[in-house]
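Student: If you're matching positions, the sequence shown starts at 1 in full-length UniProt numbering and goes up one per residue. I have a structure here, written as structure tokens, and I will follow up with some questions on it.
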Amino acid sequence: MDMVSNPAVRLLALAVFPITVPIAVWTNAGGYADKFASMPGIQKGGGAISGLIALFYIAFLLSLVGGVGALTSTVDIDNTLNASGGSDEQQAETSTPQPEPITPNQSEAPTRTSTPTATRTPTQTPEDTPVKTETTSTDDQEDSTNETELRRFRYDQFMDAYENITHIDGFTGTRYTVNASNESATFYWVTNPKNMTRWMSENKNAMVHYAGLSESLRESDRHPVSQIPKHLKFVVLTPEGEVYQTSYVEYMSAWRFTKDVMGGFSYHAIFYEHAKPGPAHPNYEANQTATATGG
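As structure tokens, then:
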């Protein structure tokens, strides 16, 4: 468990706060501010100013950290997911038989019409061999397609439930997309960057609800773990619809947080470590210049 989440450690930190802060700020010790380089006013490798601003963000983030107890524990996962489109068991029953009557009908139709056709005898005889080969690969592709479609349905259920939970916290302008092929989903919401308190609170809640909903699924007997997107990307938009910032969280990071392997502060800080400024962010041009120079 992260030591920052320990109340005793927090009290000790407060006791030595007046001594350690000036030293840490002046030296930007360990480059701790670099993790928050996506925040306004902070630059990678910055000195005292970046350190001071980062210290403010860290202090505010600590005030938001609630630990595993702050997870979405009140969510009835079965009712939430069922309301989002039915249980996964129901989908499996309806989706599996659907291709079965369709596939033979479609395959029989071209076979019966093409067999008596005289045109194929002189010209298309050489092409008959690859057609048989493609039949096997087509079956494999259909299996892969069915698996992808089922995963897309599961992710859609998860993200619909996730979006509903964020509405409870007052998230606005929300929407999501799923990409079953690479086991990921993207969640969008609109924020007011000028309201730093609310914006950082939304970032924290977006991370916590992913971890909480994932844990609820793992504890459920009716929903598979494969229903959880392995990679959740965040896109934060301004009221004008411009991209302010993007970030992401991985499944295993959320798992470590829920199992107390990773503390609350470390988990929430992942949002800022992975964050990249968008065109509406004040650090966007500086980030583009640094990327071009470094790359």
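Heads up, the beta-carbon is just placed ideally off N, CA and C, and yes, glycines get one too.
Taking C-alpha atoms, which residue in Ala-185, Phe-153, Thr-238, Tyr-155 lies nearest to Thr-191?
Tutor: Thr-238
Student: Within this structure, are the beta carbons of Glu-183 and Arg-151 separated by less than 9 Å?
Tutor: yes
Student: Per DSSP, what are the beta-bridge partners of His-274 in this structure?
Tutor: His-274 is not bridged to any residue.
Student: What is the DSSP secondary structure of Thr-166, counted as helix, strand or coil?
Tutor: helix
Student: If you measure between the beta carbons of Phe-234 and Ala-254, is that distance less than 9 Å?
Tutor: no
Student: Provide the residue span of the beta strand (DSSP E) that contains Phe-187, from first to last.
Tutor: 184-190
Student: Since Arg-175 is in the beta strand (DSSP E), which residue starts that stretch and which ends it?
Tutor: Per DSSP, Arg-175 belongs to the beta strand (DSSP E) from 172-179.
Student: On the DSSP letters alone, give me the boundaries of the beta strand (DSSP E) that His-223 sits inside.
Tutor: Looking at the DSSP string, His-223 is not in any beta strand (DSSP E), and its letter there is neither H nor E.
Student: Relative to the alpha-carbon of Ser-247, which residue among Thr-148, Thr-177, Thr-186 has its alpha-carbon at the smallest distance?
Tutor: For Ser-247, the nearest C-alpha among the options comes from Thr-186.
Student: Spatial neighbours of Asn-203 within its chain, please: C-beta separation below 6 Å, excluding the five flanking residues on both sides.
Tutor: Phe-271
Student: Please look up how many angstroms separate the CB atoms of His-209 and Thr-166, rounded, as I've assumed it's under 8 Å.
Tutor: Cβ-Cβ separation between His-209 and Thr-166: approximately 6 Å, consistent with a contact (criterion under 8 Å).
Student: Quick one: what's Ser-247 bridged to in DSSP?
Tutor: Phe-234
Student: Which residue marks the beginning of the alpha helix (DSSP H) containing Glu-219, and which one marks its end?
Tutor: Glu-219 -> alpha helix (DSSP H) spans 196-219.
Student: For Thr-145, tell me which candidate among Phe-158, Lys-259, Gly-173, Asn-179 has the shortest Cα-Cα distance.
Tutor: Asn-179
Student: How is Asp-160 classed by DSSP in three states: helix, strand or coil?
Tutor: helix
Student: Quick check on this structure: which residue in Ile-228, Phe-265, Arg-175, Ser-220 has the alpha carbon closest to the alpha carbon of Gly-241?
Tutor: Arg-175
Student: Less than 9 Å separating the beta-carbons of Gln-245 and Lys-276?
Tutor: yes
Student: Please report the distance separating the alpha-carbon of Ser-266 from that of Thr-177.
Tutor: 27 Å
Student: With Trp-189 and Phe-171 assumed to form a contact (beta carbons below 8 Å), what rounded beta-carbon distance in angstroms separates them?
Tutor: 5 Å
Student: Assuming Lys-230 and Glu-250 form a contact by the criterion Cβ under 8 Å, report the distance between their Cβ atoms to the nearest whole angstrom.
Tutor: 7 Å between Cβ atoms; contact.
Student: Distance, Cα to Cα, Thr-148 vs Leu-213?
Tutor: Each residue's Cα considered, the two are about 22 Å apart.
Student: Helix, strand or coil for Ala-280, going by three-state DSSP, please let me know.
Tutor: Ala-280: coil per DSSP, three-state reduction.
Student: From the DSSP output, in three-state form, read off Gly-264 for me.
Tutor: helix
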